[in-house]
Amino acid sequence: MVNAVSALLSNLTGAASPGGAASTSATNFLDLANSARQNVSATQKDAASAEQNYAAGAPGASLPKALVASDRAEVAWNATVAVRNEIVSAYQSIMNMQF
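Numbering (our numbering), first residue to last: 4 to 102.
This is the structure we're talking about:
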């Protein structure tokens, strides 16, 4: 799914006019989207690590910490999916326009 979002964003960036303000905006949007995707991935890795530390009985690991990390990862993922759905919907609306 992450690859599909990256491909869609690359398509949107490629559609922008070269050298103009739209190109700069598209590049900034792509950078923003990639940064958000990396942050979600890091959040998920942190949650997995917290869960593994708790399961292994590591010092300083606790169930509340693992649950909070897991909830943060879930919220980040759900937000990413919601944004992806909005982007796909907007892309489909644009592609269905009659010129």
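Built from N, CA and C at the ideal position, the CB exists for glycine as well.
Under the DSSP assignment, S92 falls in the alpha helix (DSSP H) whose first and last residues are L66 to M98. When secondary structure is reduced to three states using DSSP, Q101 falls in the coil class, being assigned neither helix nor strand. By the Cβ test, the region 64–79 is in contact with the region 32–52, since at least three Cβ pairs between them sit closer than 8 Å. Inter-residue distance for G60 and I97 is about 52 Å (C-alpha atoms, whole angstroms).
Taking C-alpha positions only, V84 is separated from S92 by approximately 12 Å.
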